[in-house]
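Step one of this worksheet: look at the structure below.
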DNA sequence: ATGGCGAGAGGATCTCGA
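Numbering (my numbering), first residue to last: 281 to 544.
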């Protein structure tokens, strides 16, 4: 089973590239983030024409996640509110950042973690709170299934190895100790970074700023991740970053990360 | 320290991303 995560920065603007990539890479589930479109306007037919199923959870202008799956998914649900009480979720589901479904006994959780804007800002505090609630959310999912693949745009670089230039990173959003601690607390539930099982090198990134020619300089960050529960982690046989879409004209600033699981 | 670039909404120039 192959699953990919890709922050496309508007699925409508990127539609031709996403469909083209899917034709070249016929994977089982494609997890999209930053679709930036309400569900009624999601370009479904572009995917259903390729015999993929579409499950979308979007909003106007911002955020938005979707699952594009070759086979129908079971038990699809959206938002933290699907499993957590309103007293915990509050208004967090107003931003569409969570969608999940099950394929062949694997629960795929597709996340778009808040960016956090700048350290100490309201959005930064929102991000830290969101990660706290994420832990509670995954804790409930783990009671239902021992096979979780949690992927998406985490907007956190866990190690200095995941940043092209970690100098001054403690003042930099996506790399502060508080963000790393919040994500590690989530992972302490028993989730492991599949990419690092196969690759311990630096210089391996999934996002490059549009500005200052960052991609040409490989001045990137590895912030798009696949995390797996122990059995799935054991069964993972590859995890790769495909930089090809980032080289196209008018690209997303992120590129796909693909995981392969051997479930036989 | 600041801005660089790009998308969406709306119809000039904002907000937001990371």
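Idealized CB from N, CA, C, for every residue including glycine.
Every value quoted in this text rests on a predicted model; they were computed, and no experiment measured them.
(request) Note down the Cα distance separating residue 312 from residue 396, rounded to an integer number of angstroms. (result) 20 Å
(message) Comparing C-alpha positions only, which one of 298, 308, 540 and 407 sits nearest to residue 461?
(response) 407
(request) Tell whether a beta-carbon distance below 8 Å holds between residue 485 and residue 537. (result) no
(request) Measure from the alpha carbon of residue 520 to the alpha carbon of each residue in 509, 328, 504 and 303, then state which is nearest. (result) 504
(request) Below 8 Å CB to CB, which residues in the same chain sit around residue 322 once its five sequence neighbours on both sides are set aside? (result) 291, 315, 334, 336, 338 and 346
(message) So, at 7 Å on beta carbons, what are the nonlocal neighbours of residue 363 in its own chain, with the 5 sequence-adjacent residues on each side left out?
(response) 417, 420 and 421
(request) For residue 339, name the three-state secondary structure that DSSP assigns. (result) coil
(message) Is it the case that the stretch 429-448 contacts the stretch 501-517, given that we only count it when at least three CB pairs across the two stretches are under 8 Å?
(response) yes
(request) Under 7 Å Cβ to Cβ from residue 412, same chain only, skipping five residues before and after it: list those, please. (result) 462
(message) For residue 299 and residue 524, what's the separation of their Cα atoms in angstroms?
(response) 14 Å
(message) Within 8 Å, do at least three Cβ pairs link the stretch 448-458 to the stretch 424-432?
(response) no
(message) Excluding the 5 residues flanking residue 440 on each side, which residues of the same chain have their C-beta closer than 6 Å to its C-beta?
(response) 446
(request) Counting only the same chain and skipping the five closest in sequence on each side, list residues whose C-beta sits under 6 Å from that of residue 284. (result) 307, 310, 536 and 538
(request) Select from 361, 380 and 352 the residue whose C-alpha is nearest the C-alpha of residue 328. (result) 352
(request) Spatial neighbours of residue 326 within its chain, please: CB distance less than 7 Å, with the 5 preceding and 5 following residues excluded, ordered by chain position. (result) 295 and 299
(message) Check this for me: beta carbons of residue 534 and residue 301, under 8 Å apart or not?
(response) no
(request) Tell whether a beta-carbon distance below 8 Å holds between residue 526 and residue 488. (result) yes
(request) Measure how close the beta-carbons of residue 483 and residue 498 come, nearest whole angstrom, since I'm counting them as under 8 Å. (result) 6 Å
(message) What does the alpha-carbon distance come out to for the pair residue 388 and residue 378?
(response) 11 Å
(request) Return yes when the Cβ of residue 512 is within less than 8 Å of the Cβ of residue 369, no when it is not. (result) no
(message) Per DSSP, what are the beta-bridge partners of residue 500 in this structure?
(response) 488
(request) Tell me whether residue 285 sits in a helix, a strand or coil according to DSSP, three-state version. (result) strand
(message) So for residue 540, helix, strand or coil by DSSP?
(response) strand
(request) Write down the C-beta distance between residue 471 and residue 509 rounded to the nearest angstrom, noting that I regard them as a contact closer than 8 Å. (result) 6 Å
(request) Let me know the secondary structure DSSP gives residue 300 once reduced to three states. (result) helix
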